[in-house]
Amino acid sequence: GESVGLHLPTLSVQEGDNSIINCAYSNSASDYFIWYKQESGKGPQFIIDIRSNMDKRQGQRVTVLLNKTVKHLSLQIAATQPGDSAVYFCAERAGGEKLTFGTGTRLTIIP
Amino acid sequence: DAGITQSPRHKVTETGTPVTLRCHQTENHRYMYWYRQDPGHGLRLIHYSYGVKDTDKGEVSDGYSVSRSKTEDFLLTLESATSSQTSVYFCAAHPGTATDTQYFGPGTRLTVL
Numbered sequence: 005g006e007s008v009g010l011h012l013p014t015l016s017v018q019e020g021d022n023s024i025i026n027c028a029y030s031n032s033a034s035d036y037f038i039w040y041k042q043e044s045g046k047g048p049q050f051i052i053d054i055r056s057n058m059d060k061r062q063g064q065r066v067t068v069l070l071n072k073t074v075k076h077l078s079l080q081i082a083a084t085q086p087g088d089s090a091v092y093f094c095a096e097r098a099g100g101e102k103l104t105f106g107t108g109t110r111l112t113i114i115p
Numbered sequence: 006d007a008g009i010t011q012s013p014r015h016k017v018t019e020t021g022t023p024v025t026l027r028c029h030q031t032e033n034h035r036y037m038y039w040y041r042q043d044p045g046h047g048l049r050l051i052h053y054s055y056g057v058k059d060t061d062k063g064e065v066s067d068g069y070s071v072s073r074s075k076t077e078d079f080l081l082t083l084e085s086a087t088s089s090q091t092s093v094y095f096c097a098a099h100p101g102t103a104t105d106t107q108y109f110g111p112g113t114r115l116t117v118l
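Chains as they are written, first to last, in my numbering: chain A, 5 to 115; chain B, 6 to 118.
Dropping the structure here:
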């Protein structure tokens, strides 16, 4: 986790506020998308996924929005908590069983 | 987490030595993957397996080989380690049915001096 790097895009959010993390994908043939959370020193952890036949999907405190017109994916985290501090990245599947990953956004929670 | 473990978790080795990393899963997932994670590159696929003895190359396979003799184990070998292979290596697994999500192991930090 910590090797992801210091030059990631960073988002700082006040504790209790909502966070929105964005991801642009490149392949219009992608049919499946995943958001992962990676804490320092750990492996990526699945948060939520969405298929291309959907625009929105909700989980516990998280919502993923998919805009296929502009090839954009977003992750919304409600009522952000200190434990939400991590690197978040999206992944897309464009056929087969392989994923392509974005480089990630570092979310920092301000107490 | 699909019961994925990786060993060793940390390794320091010298240029030119062979290194084998092991990934073990307990969920009988069909697909297994090896990735490396480096600053500015995110996760990049090295090799993957779609069944016992069935493997294929990913985007950064040069200098790496893999083997899968049992469903639960997927080995990544660096035949002759180079400093450019210093990285964090992650294994992932995917059942191939019911869900398309890949689940990741905790990672192995490899340093090649």
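The beta-carbon is built from N, C-alpha and C at its ideal position, and this holds for glycine as well.
Residue i CB to nearest chain B CB: under 8 Å?
i      : result
A/S7   : Only weak support exists for where A/S7 lies, its pLDDT of 30 falling under 50; the value from the coordinates is given anyway. It does: the Cβ of A/S7 has a partner Cβ on chain B nearer than 8 Å.
A/T107 : yes
A/I38  : yes
A/P48  : yes
A/R146 : In this structure chain A extends from 5 to 115, so residue 146 of chain A is not present and cannot be described.
A/L70  : no
Are the Cβ atoms of residue i and residue j separated by less than 8 Å?
i      : j      : result
B/L50  : B/Y36  : no
B/T113 : B/L48  : no
A/T84  : A/S16  : no
B/V57  : B/R73  : yes
B/H34  : B/H99  : yes
B/H46  : A/T107 : yes
B/A86  : B/V65  : no
Alpha carbons only, please: which of the options is nearest the one belonging to residue i?
i     : options                        : result
A/L70 : A/G108, A/S78, A/T109          : A/S78
B/Y94 : B/E77, B/H34, B/G110, B/T20    : B/G110
B/Y55 : B/E77, B/G21, B/D43            : B/E77
A/D53 : B/Y108, B/L115, B/T116, B/V117 : B/Y108
A/S56 : A/G106, A/T109, A/S34, A/V66   : A/S34
B/S12 : B/L81, B/S70, B/V57            : B/L81
A/Q42 : A/L111, A/R65, A/A90           : A/A90
B/T10 : B/G21, B/E32, B/T20            : B/E32
A/V74 : A/S30, A/P86, A/I25, A/Y40     : A/S30
A/F37 : A/K102, A/G20, A/A82           : A/K102
Contact criterion: CB-CB distance below 8 Å. Does residue i meet it with respect to chain A?
i      : result
B/P111 : yes
B/T106 : yes
B/Y175 : One cannot answer for residue 175 of chain B here, as it falls past the ends of chain B, which runs 6 to 118.
B/G47  : yes
B/L115 : no
B/H29  : no
B/L26  : no
B/K75  : no
B/H99  : yes
B/L118 : no
B/L50  : yes
Mind pulling the alpha helix (DSSP H) runs of 4 or more residues that sit fully within the stretch 18-104 of chain A?
none
State whether the stretch 16-25 of chain B contacts the stretch 40-55 of chain A, with contact taken as three or more CB pairs (one from each stretch) at a distance under 8 Å.
no
Can we say the stretch 83-96 of chain A touches the stretch 88-98 of chain B, given the rule of at least three CB pairs closer than 8 Å?
no
In the stretch 28-115 of chain B, which residue ranges form an unbroken beta strand (DSSP E) of at least 3 residues, counting only runs that do not cross its ends?
36-43, 47-56, 59-62, 69-75, 78-83, 92-99
Below 8 Å, can you find three or more Cβ-Cβ pairs linking the stretch 57-68 of chain B to the stretch 55-71 of chain A?
no
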